[in-house]
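Shown next, in structure tokens, is the structure this report addresses.
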Amino acid sequence: MRQDGFPPDRQAGLSGCFSRVTHPRQTEILGAIAMEILRQDRKITRINVCLKLIARLDAAGDEADAGHLRELIGMLFRK
21 MRQDGFPPDR QAGLSGCFSR VTHPRQTEIL GAIAMEILRQ DRKITRINVC LKLIARLDAA
81 GDEADAGHLR ELIGMLFRK
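Residues in the sequence shown are numbered consecutively from 21, following my numbering.
This is how it looks when you write it as structure tokens:
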């Protein structure tokens, strides 16, 4: 186990999960979620991002945004 707190390779962390993001709206959503988490003085973890994505999906009124959110949630669980 590494002692520096970083995953052994880039693909193992959160950045690896979202490395396939290509749509600007998905990038915008992830940026807004990251800012929300940081403003709450919390760490950006897979769990925190997942909870924010699910909360946004629950409140989504636009089907296009809901689709982007579902896709981002799927990326979290893909290897």
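Note that the Cβ used here is the ideal one computed from N, Cα and C, for glycine as well.
Where residue i falls: helix, strand or coil (DSSP)
i     : result
Gln60 : coil
Arg30 : In this prediction, Arg30 has a pLDDT of 49, which is less than 50 and means its spatial position is unreliable; what the coordinates show is noted afterwards. DSSP places Arg30 in helix when its eight states are reduced to three.
Val69 : helix
Thr47 : helix
Ala98 : Going by the sequence as given, residue 98 is Arg instead of Ala. Correct three-state label for Arg98: coil.
Ser35 : helix
Asp78 : helix
Arg90 : helix
Cβ-Cβ separation, residue j to residue i (assumed contact under 8 Å), whole Å
i     : j     : result
Leu34 : Leu92 : In fact, because the Cβ distance is near 11 Å, the residues do not count as touching under 8 Å.
Leu73 : Ile53 : 7 Å
Cys70 : Leu89 : With 8 Å as the limit, Cys70 and Leu89 do not qualify as a contact, their Cβ atoms being about 11 Å apart.
Asn68 : Arg59 : Incorrect: roughly 12 Å between the Cβ atoms, too far for contact.
Residue of the options minimising C-alpha distance to residue i
i     : options                    : result
Gly36 : Thr65, Gly81, Ile57        : Thr65
Ala86 : Gln46, Thr42, Val41, Phe38 : Gln46
Ile57 : Glu83, Ala75, His43        : Ala75
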